[in-house]
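Below is one structure, written out as structure tokens; the observations come after it.
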Amino acid sequence: MENNIIQFDNITKSYKIYERQIDRLKEAISPFRQKYNKEFIALNNLSISISKGESVGIVGVNGSGKSTFLKLIAGVVTPTSGEIIINGKVSAILELGAGFNPEYTGIENIYLNGTIMGYERVEIDQKLESILSFAEIGEFIHRPVKTYSSGMFARLAFAVAINVEPDILIVDEALSVGDTKFQLKCIEKMKQIRESGTTILFVSHAIEQIKRFCTRAIWIDKGVLRDDGSANDVVNAYEDSLYLDSISTAESTDENSFHDLTESYEVPVDSSMVGRIVSVAYSNLDLKTFDTLQIDVLYDVYEEVVPNLLVGVAIYDRDRKYIFGPNTYLDNVQIPNEKGRHCIQYRIPRIPLLSGTYFLDVGLFSEKGLVMIDYKTSIEQFTIKSDYFTEGLAYMEHDWRVIK
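Last residue of the sequence shown: 806 in the numbering used here, with the numbers rising by one and none dropped.
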């Protein structure tokens, strides 16, 4: 308890839902206290504690209660019942532009947000240069934020939130906006403040980011705590649930996502591009079980150096069920990451898959896979043929013994 920076004790948060605006007035003046609303319970009797310095991913489908959970921590809303204890200064990016006055300039909004967090003007003056340097929006900092693009909004919001030395940082989908270079900068800064002891609550629809950045994950389902544990275990259980509940049918039934890379080879290089996958070459696309699968991945790097660069290859079956997805980071393989064109080879010496058609995704990432630089979905397909000698999806070494 002494090390807890966030403590939820039996927290319930409910909202009154009215079908028509007039119903609010009817309910307020009803002499018999007649109800004209339906109660929606966003969080139901939630108890949880988070320790100082933890990086925690929050997962759950839309409407599960994630945003309410974060807003309670940020103090944007108050609980209907229960007790919340927050032992530290909270900085939150809950939604794009939240907390910004659209009529104010970027500079004015920096001081507004700093004041709301309890800083004196002289303290904000000391932090201003680091905020401006991080945001990199140039002369737009002196213009009203209503004129900003979504990417500029994200840059300024993140720059303010992350440079005010918070005890708790809440990042809700903030990395989904902005170019790859800015994402890399954000991840690096988040790593730095995590190491300094800041507690980070991280929400992302790119679920792999949570597995790779967070040490712990909390799964909220229909307002209740469904699971809490290691990020890898909780995210895997969550993804399994999505599949079993047929929530991801759009992905599993998309059989028209195979891309002809001829056009993507000619993608023009612009200032926001860090790199790209140029091509993937296969030794053989008609295989038998236990044959060798070999592919050559050709990729370009446009920066002088991209730290922690990795390539991943994933195998899916025809229903887009994920079978196997190693990457060079997990296998401790260093790949060229300097400016230029490079080629690496990926081999499965004895592929254990049984008869069927399979598809490969190839991705270029940085920072343990947190930042996607380029990704090709179903870039190629291959077929495996085999005699009928077993059943299932893959062959596993085994033996039988007659005991009696």
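The beta-carbon is built from N, C-alpha and C at its ideal position, and this holds for glycine as well.
In the DSSP output, what is residue i paired with across the bridge?
i	result
A619	G459, G631
N826	Here the chain covers residues 403 to 806 and nothing more, so residue 826 does not appear.
F410	I450, I486
E740	V707
G727	Bridge partners of G727: none, in fact.
G417	The sequence given here places Tyr at residue 417; Gly does not occur at that position. Beta-bridge pairing links Y417 to F442.
E782	L762
A430	A430 pairs with nothing; no bridge assigned.
R749	Q696
A372	Because residue 372 is not part of the residues shown, which for the chain are 403 to 806, the question remains open.
L755	A796
F767	L712, M774
V626	D623
Does residue i come out as helix, strand or coil in the three-state DSSP assignment?
i	result
H544	helix
N446	strand
R678	strand
P670	Bear in mind that the predicted position of P670 carries a pLDDT of just 47, short of 50, making it too unreliable to give a figure here.
T549	helix
S643	helix
M798	coil
T600	coil
K468	helix
D527	helix
K583	helix
S650	Low confidence applies here, because S650 scores a pLDDT of 40, under 50, leaving its location unreliable and the question unanswered by this model.
G613	For the sequence presented, residue 613 should be read as Lys rather than Gly. Helix, per DSSP.
D662	Note that D662 has pLDDT 38, beneath the 50 cutoff, so the model's placement of it is unreliable and the number below is only indicative. Three-state DSSP puts D662 in coil, outside helix and strand.
K473	helix
V478	coil
K787	strand
I775	strand
S535	helix
V562	helix
V605	strand
K806	coil
Please report the Cβ distance between residue i and residue j, rounded to the nearest whole angstrom; I am assuming they are in contact, meaning their Cβ atoms lie under 8 Å.
i	j	result
K491	M519	6 Å
D763	K787	Their Cβ separation, rounded to whole angstroms, is 22 Å, which puts D763 and K787 out of contact at 8 Å.
I697	Y748	5 Å
P568	T600	6 Å
R557	F584	6 Å
L689	C745	L689 to C745, Cβ: 22 Å. No contact.
I602	V562	With a Cβ gap of about 16 Å, I602 and V562 do not count as contacting.
N565	I533	5 Å
G677	L766	6 Å
Counting contacts by CB-CB distance shorter than 8 Å, is residue i in contact with chain D?
i	result
Y420	Absent from the structure: chain D. Only one protein chain is present.
Say the cut is 7 Å; is the CB of residue i nearer than that to a heavy atom of the ligand SAM?
i	result
K437	In the structure shown, the ligand SAM is absent, as is every other ligand, since no ligand is present at all.
Please give the ranges of any beta strand (DSSP E) in the region 683 to 725, keeping only runs that are unbroken, at least 3 residues long and fully inside the region.
688 to 690, 695 to 707, 711 to 719
Is the number of C-beta pairs between the region 532 to 552 and the region 631 to 647 that are closer than 8 Å three or more?
no
Three-pair Cβ contact test at 8 Å for the region 769 to 781 versus the region 616 to 628
No: fewer than three Cβ pairs fall under 8 Å.
Are there three or more Cβ pairs, one per stretch, closer than 8 Å when the region 682 to 691 is compared with the region 723 to 743?
With the rule of 3 Cβ pairs closer than 8 Å, the region 682 to 691 does not count as touching the region 723 to 743.
Would you call the region 408 to 419 and the region 438 to 448 in contact, with 3 or more CB pairs under 8 Å?
yes
Could you tell me whether the region 417 to 429 touches the region 448 to 461, using the rule of 3 or more Cβ pairs below 8 Å?
no
Are there three or more Cβ pairs, one per stretch, closer than 8 Å when the region 588 to 602 is compared with the region 460 to 476?
no
Touching or not, the region 708 to 717 and the region 727 to 737, by the rule of three or more beta carbon pairs under 8 Å?
yes
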